Amino acid sequence: MANIRDIAKHADVSVTTVSRVINAHPYVSDEKRERVQRAMKELGYLRNQQALTLSTGRTQRFVVVLPYMDHPYYGLFVNGLAKAALGKDYRLVMWQTEYRLDQERQALDLLKHREVDGAIVLSHTMTFEEMETYRAYGPISVATVGAPKTISSVHVDHYTAFQAGLRVITEAGYKDVGIVLSRPNSPSSIARQRAYFDEVSSARERWVFSGYLTSEDGKNLVSAFLSEQERPCALFFSSDYVALGFLGEAARRGLGVPHDVAVLGFDGHPIGQAFGLSTMHSPNEDIGRALFDAAFQEMTGGSVVQKSLTVTYMSGTTL
């Protein structure tokens, strides 16, 4: 079987250049990279992963920590991560936690035990103080706000984003507005509630509907909404997925949208667009790609990255 010296000779480059291409090192010209990759293909070169790990000290794997793998919200993050990983010849280890702290610890233990090179955390219950204790073992990047300077963060500012969505609703002429949140005590939900009470003059505690994570929860919300003697004329959902569940059940029960209640989602997922859902588009795929790049950059000697991306309004038929 061909080795890297054979590849170097065939491609007319140095052994060092071949090694850099195999290890996805950024400092190789496109022309040389193509020559090496063509030589590898022509000679039938197969990389020995165990030998590579021993020689580089890297596993070519990142763990992705997320609460649910079947929730469409996380699908766009993962798509961006996967595209970025593919470009660097990296593999992703998906770890579903269901917001259980013990599962989050087990996922980050992979980093501690050198089974992965870095960790990308999409949502978590673990405090940043505890997360920092894992930072000594490799790079960590998160999609949440409030990370310390030692942890890379690419995120949406949920206060500003929700404030923008609420303004879209009120500027459309809706005065009485309710909001629909997932976990009531999560940092993002707290920020959204703060934006709600700061931005909407008619805001009421009873119009804050919390604990709605799935489309089934959205269906169940219709009953809670109809039971209100004084109902808001518009609902701002923190998830398109939940909003779609609400829309389906509302139609079944004769509740007109937007005539009886206007609906604004949050995500900008293609599923919502197919049903005409008005929504705030969060660039989740871009965030996923940037999270991978941040972890990879830090692993190869770069600095910690912290940045916030912008949310934009996407018009539909529900507002």
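Quick note: the sequence shown uses our numbering, first residue -5, plus one each step.
Virtual Cβ for every residue (Gly too), placed ideally from N, Cα, C.
Model, not experiment: these values are computed from the prediction.
Asked, Found
"Length of the line joining the Cα atoms of leucine 48 and aspartate 261", "Only weak support exists for where leucine 48 lies, its pLDDT of 48 falling under 50; the coordinates are left without a value."
"Neighbourhood of alanine 101 by C-beta distance below 6 Å, restricted to the same chain and skipping five residues each side", "Val57, Val59 and Trp89"
"Residue ranges of each alpha helix (DSSP H) within the stretch 167 to 237, 4 or longer", "181 to 193 and 209 to 220"
"Which of helix, strand or coil DSSP assigns to alanine 76", "helix"
"Valine 202 beta carbon less than 8 Å from that of alanine 244", "no"
"Anticipated Cβ contact below 8 Å, leucine 220 with threonine 312, distance rounded", "About 18 Å; that fails the 8 Å criterion."
"Cβ separation of leucine 105 and tyrosine 128, assumed to be a contact under 8 Å, to the nearest whole Å", "6 Å"
"Residues that phenylalanine 146 bridges to, as DSSP identifies them", "Residue identity check: residue 146 is serine in the sequence provided, not phenylalanine. Paired residue(s): Ser135."
"Ordered list of beta strand (DSSP E) runs contained in the stretch 232 to 281, each at least 3 residues", "256 to 261 and 273 to 275"
"With 16 other Cβ atoms within 10 Å as the buried cut-off, status of methionine 63", "exposed"
"Where the beta strand (DSSP E) through lysine 301 begins and ends", "300 to 303"
"Identity of the residues DSSP links to phenylalanine 122 by a beta bridge", "Bridge partners of phenylalanine 122: none, in fact."
"Simplified DSSP assignment, three categories, for tyrosine 67", "helix"
"Where tyrosine 68 falls, given that 16 or more other Cβ within 10 Å makes a residue buried", "buried"
"Sub-8 Å separation of isoleucine 265 and leucine 238 beta-carbons", "yes"
"Assigned secondary structure, alanine 155 (DSSP; H/G/I helix, E/B strand, else coil)", "helix"
"Histidine 263 and proline 61 closer than 8 Å at C-beta", "no"
"Nearest-angstrom beta carbon gap, threonine 164 and valine 194 [assumed within contact, 8 Å]", "7 Å"
"Valine 358 (DSSP reduced to helix, strand or coil)", "With the chain running from -5 to 313 in the structure shown, residue 358 is simply not present."
"Beta-carbon proximity check, leucine 70 vs glycine 159, cutoff 8 Å", "no"
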